[in-house]
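Protein chains in written order, with the working numbering: chain Z, 1 to 337; chain S, 338 to 674; chain L, 675 to 1011; chain X, 1012 to 1348.
Here it is in structure tokens:
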């Protein structure tokens, strides 16, 4: 850490800063400039990571050289982590496809979808049973009934299940039915839930918050890993910007960023990420080319009567066309699909 | 609602749309343009509010004429709501001041702060016992111990208490100690918690999410009111933008927006909203001038050793100076302080 | 266009709106709802495109069904436009590579770069002679001297030239040396310059503004086409968001958006778009997968002594590695490189 | 400046950095941490301001301690600058009101407006003759004819004139008619025009760019001052965010930021800043409370037929009501109106 003293910091201010650091067994390095002094701080990383010096008299600002997260960092774990979801491996050579409707509406809808996506090569079935909706008057999901349908249908077609958990109190319930627990964008910084998920035995898929920085996202994953759960999967799902043509702005550079900073795998959700059906195919191709380990795609047998997110859902036929297209891209980046 | 059909919608597409609407007892109004047809929808507001037509074949987009929220809307309740916090009235003629440290650190720190702010005219004591922090390695708050300190100190100085609840499971606990339950920015769309707060008897202060639109914020409040709790107070605390000079961008136009669209009172938090101590005074003045009903200000007896947010905390002396300044502004907009 | 009258619009307000529209030979369609009236407007697109009704008494808002741009729209020109730059075709089957330094610094630097990028398959040489810089104390470019170097070096290696024009008064000068005139992000809405470029015979590469919407970008291109110049090429170069890890947020969904809405070709600039050298390769791959027609990449023989943007420049060797990688991706999307 | 070397920087990398700095007569200060070395740079501020070290081998990042701008900085000029516009002083005790229509449409429209705003206390008449419009098919302004009307009407009512210049080539023309030259948001980084305005004898009002940071804005002003023109006035007019309820997000914290960092005066434009007529009054009050030196307000005698921006224009009567309200606020912050 570097501490920039203000131009009118007194000698005593500087001495106090140094004393505080020395008391913590940190070494300091003074650099006296023309109009201000800079204090470099050297020593135990963990102590430095937790230092808060900004408010000491005479301190103008501090500059962190290293981030606070550790367990998620590639520095601490140089090799890629592969998350094993009951035999389906995310983060290895194979690009994994997760597909299904935004919300589980009924048995028939899900079964029809599951059959279609399984036939095209999807390995994991998605579908919301608890739906976080902007308005209390919108469809809120089927709850446990939806979870049961998910499990039954997935088992019939030998698929794994990913579904969202929206409250700390529901974790155990969702664990009973789902292979991956999804943390939605709105809960990325629901820290109490993240802590509880750290104790889960199931892999966690952590969606990026609506306007979360890469650093905040990594720190949110650190909450889960710090609790003891090492199976965290990131999911880029678009960020909030000024643009209104798309529902969100899908940030594919986040894939490259996560691959650089962390060892954990990353999924891309081009359906929520764009909110426009016609963009799902080009953004799926681009996501794989950028290095994504998996895709999460909304498919609905009858999008025109979908209870949520119909706008961005593919029909089973759209999905089939997409899948045929993706394996060439996967091959071009040395992956298989 | 207006349904814009795409230029290549077929006659059958249009008929299907109309049939679906008629089945819901809604009336329709066709307007056939040069290259596309527009369908106006008339009838029961609640049914229209919940319509999701975007995915029917041939539909290009829909335009909502009315928002989904009702209970929070000024249309449904033209007069200002005054929230009564044990005799302290928020939303009336008086500008209410909430002040205190970011986090409760210990009894002495809080008592010293409470005494100081009480002397200057604050009516409500703030202080976090459960702190949502970006990193798991940052100070997470004292928990119930902090709540006890808050209550004891507030009672000594005849102050009311506002403090944050960060998990649905903690609501009852926090209700035991606090007069207002605060929902933080990161939990604005923690819908399970909002539903549970709808059943609380205590007033709720709902902070605006990091990048929440005005409409999403009103809908979040609708979750609480829909649950039966009519005492909701908004709190503008800055939004996330590209600007890095300030910690957030304090959106004072949100005050005018809330006053136009809703009957509920609104508080402004210039401390989090700017993240810079020197900006707290000018932004406090501006907030009152814009129509805010209350201010929430961070005060710490020794900001240089604060465990969180020291950068933006006022000293008791700064706070005293600020308060002396604000009553003239309040008077200029017909309020008292 | 749809005109939404406010709930308290009077009959006279509505009559006035209708009268104004009828005077313009537009037909109207009334839809009287429970609490408000909606007026649909039908007739000559161009007249409707220019209507401004928002301020008439009783009008709450208007909703445009069609955008104002025409010449750039795929509706008016369904087939892809291929821009011919002296034989190098942008928008056809071949992915075109533009490469070179951020700024032309001297003859040797440019010649070394040109030779290297030519050898790897680049067709167009980039390099700034007029540099828009945030601070007046930063290097501002070599001006005409830089243009001369660009031309001479490009001719030696049989490359085409793209370089930026930063002022209406310099257009003629830049036309003398360059094959494509680049409009930078900061000038995307310098409408006087756009109008003047409409009269140029050279193709224009129009970079997206720092925070321009897709619609504003298309309208900016409309200024150029409306002036008579049909050879417009879009260039996505990242937008401004709250994220600070990358210099900008490269919006690859813009590629899909432009392809859907317009017939004009689009280039992606992953160097400015990310500002990080390590991200240039993955984002180049993703851009081609998303449907980009060309890439613009910063290459500098000695990035460590570059006068600008060294952080994001590839060395000739990096560039060579990248190029070897891209042809497989191009093939996977049915293009050649 | 601080140079952070990467963890795998070699001794030679570090030596090269130091040599380069020493060649420039700068002193260095090494701080060797556990896993990386930090180089502090001390010496001539101007040389340091222009250093670009980011690309040297082994350099991870650099941290600037001081900004590049100087002439606009309060550090270089501690006292407030008062800009004298033919006797009307901006930046002194008096809050100055600029008012008028968005665009000059004809003599009668402007005369009616001018008379009304003069009667209520406005000192400066605004009105666009050259209008930057998103679409080429929108009204582009009356050009020189508009300038003539502005001058004639302003002289009749003893008002000063502020109007926008949109191209370097028009500066002389606009100088002939206007007392203040306005740089619009879209031209804030039209550096060629800024340089030319540095040679003008007229005060310049520099609007903040659509998504300009405070630092970029100050640097843009530095271009003008560096050219020799010391009479620069900032104008906050709202920034671009994700929010759609308002046209822009008016950033009143920018007023406090400019007052802290610069000695130059600042105007607030609540009309463009919000785009909603009902918000102009509360935001005007808030702007003065935040410390603004002047307001710029759109007034149109018949907003319902305005050729541009009718949505946000006040009628003369609205304006009269607003003005009566503002003087109390001005008094409360020690100013006069």
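Using N, Cα and C, we set each Cβ at its ideal position, and we do this for glycine too.
How big is the Cα-Cα spacing for residue 8/Z and residue 604/S?
Straight through space, the alpha carbons of residue 604/S and residue 8/Z are spaced by roughly 36 Å.
Ignore the nearest five residues each way along the sequence and tell me which others in residue 971/L's own chain have a CB closer than 6 Å to its CB.
Once the five neighbours on either side are set aside, the close Cβ partners of residue 971/L are 773 and 945.
CA-CA distance, residue 660/S and residue 1058/X?
Their Cα atoms are separated by approximately 45 Å.
Determine whether the beta carbon atoms of residue 26/Z and residue 41/Z lie at a separation below 8 Å.
It is a contact, given that the beta carbons lie within the stated cut-off.
Bridge partners for residue 84/Z per DSSP, in chain order?
89/Z, per the DSSP bridge assignment.
What residue range is occupied by the uninterrupted alpha helix (DSSP H) comprising residue 966/L?
Neither: residue 966/L is in no alpha helix (DSSP H) and is coded neither H nor E.
Looking at the strands, I want to know which residues DSSP matches up with residue 856/L.
Partner(s): 838/L and 879/L.
Proximity test, Cβ basis, 8 Å: residue 1234/X and chain Z
Output row for residue 1234/X: interface = no.
Outcome for residue 1010/L when other beta-carbon atoms lying within 10 angstroms are tallied against a minimum of 16
Around the beta-carbon of residue 1010/L, fewer than 16 other beta-carbon atoms lie within 10 Å, marking it exposed.
Starting from the C-beta of residue 923/L, find all residues in its chain whose C-beta is less than 7 Å away, skip the five residues before and the five after it, and write them out in chain order.
Cβ neighbours of residue 923/L beyond the five flanking positions: 912, 913, 915 and 917.
Jot down the residue ranges of each uninterrupted beta strand (DSSP E) in the segment 431-471 of chain S, minimum 3 residues, whole runs only, in chain order.
List check, beta strand (DSSP E) in window: 433-437 and 461-463.
Which residue spans inside the segment 1053-1095 of chain X form an unbroken alpha helix (DSSP H) run of at least 4?
Within the segment 1053-1095 of chain X, the runs of alpha helix (DSSP H) at least 4 residues long that lie entirely inside it are, in chain order, 1056-1060.
Simplified DSSP assignment, three categories, for residue 335/Z
Correct three-state label for residue 335/Z: coil.
Indicate whether residue 529/S and residue 545/S have their beta-carbon atoms separated by less than 8 Å.
The Cβ atoms of residue 529/S and residue 545/S lie no closer than 8 Å to each other.
Chain X partners of residue 1045/L, CB-CB under 9 Å?
For residue 1045/L there is no data in the structure shown, the boundaries of chain L being 675 and 1011.
For residue 1256/X, the first and last residue of its enclosing alpha helix (DSSP H)
It is not in any alpha helix (DSSP H) - residue 1256/X carries neither H nor E in the DSSP assignment.
Between the Cα of residue 793/L and those of 741/L, 833/L and 904/L, spot the shortest distance and give me the residue it belongs to.
Closest option to residue 793/L, Cα to Cα, is 833/L.
Under 7 Å Cβ to Cβ from residue 406/S, same chain only, skipping five residues before and after it: list those, please.
Result list for residue 406/S: 555, 556 and 559, in chain order.
Return the bridge partner residues of residue 679/L from the DSSP annotation.
For residue 679/L, which the question treats as bridged, DSSP gives the partners 733/L.
With which residues is residue 1273/X paired in a DSSP beta bridge?
According to DSSP, residue 1273/X bridges with 1084/X.
Are the C-beta atoms of residue 1327/X and some chain L residue less than 8 Å apart?
Judged by the 8 Å Cβ criterion, residue 1327/X is not in contact with chain L.
Can you give the Cα-Cα distance for residue 103/Z and residue 131/Z, rounded to whole angstroms?
One C-alpha to the other measures close to 7 Å.
Tell me which residues share the same chain as residue 428/S and place their Cβ nearer than 7 Å to its Cβ, disregarding the 5 neighbours each side in the sequence.
Spatial neighbours of residue 428/S in its own chain (CB-CB distance under 7 Å, excluding positions within 5 residues in sequence) are listed in chain order as 417, 418, 419, 420, 602 and 630.
At a Cβ threshold of 8 Å, is residue 767/L touching chain Z?
The beta-carbon of residue 767/L is placed no less than 8 Å from the nearest beta-carbon of chain Z.
Taking the straight line between their C-alpha atoms, what separation do you get for residue 276/Z and residue 929/L?
So the two alpha carbons sit approximately 14 Å from each other.
For residue 535/S, collect the residues of the same chain with a Cβ closer than 8 Å to its Cβ; drop the 5 residues on either side in sequence, then sort them by chain order.
Correct list, in chain order: 560, 561, 562, 563, 564, 565 and 566.
Exposed or buried, what is residue 858/L when buried is set at 16 or more other beta-carbons lying within 10 Å of its beta-carbon?
Buried, because 16 or more other Cβ atoms sit within 10 Å of the Cβ of residue 858/L.
Taking only beta-carbon atoms, is residue 917/L less than 8 Å away from chain Z?
Output row for residue 917/L: interface = yes.
Under the DSSP definition of a beta bridge, which residues are partnered with residue 907/L?
DSSP, once it has assigned bridges, lists 879/L as partnering residue 907/L.
Which residues, in order along the segment 1154-1183 of chain X, keep a beta-carbon less than 7 Å from a beta-carbon of chain L?
Per Cβ criterion, the list reads 1177, 1178, 1179 and 1180.
Name the DSSP bridge partner or partners of residue 1325/X?
Answer is 1310/X.
Verify the CB distance criterion: does residue 708/L have a CB-CB separation below 8 Å to chain S?
Closer than 8 Å to the CB of residue 708/L there is at least one CB belonging to chain S.
In the DSSP output, which residue or residues are listed as bridge partners for residue 351/Z?
Residue numbering for chain Z in the displayed model covers 1 to 337; residue 351/Z lies beyond these limits and cannot be assessed.
Taking a Cβ distance cut-off of 8 Å, strictly less, list which residues of the segment 41-57 of chain Z are near chain S, in chain order.
Taking 8 Å as the Cβ-Cβ cut-off against chain S, the residues of the segment 41-57 of chain Z that qualify are 46, 49, 50, 52, 54, 55, 56 and 57.
Can you find a CB in chain S that lies within less than 8 Å of the CB of residue 1220/X?
Output row for residue 1220/X: interface = no.
Taking Cβ to Cβ, would you say residue 433/S is nearer than 8 Å to residue 398/S?
It is not a contact, given that the beta carbons lie outside the stated cut-off.
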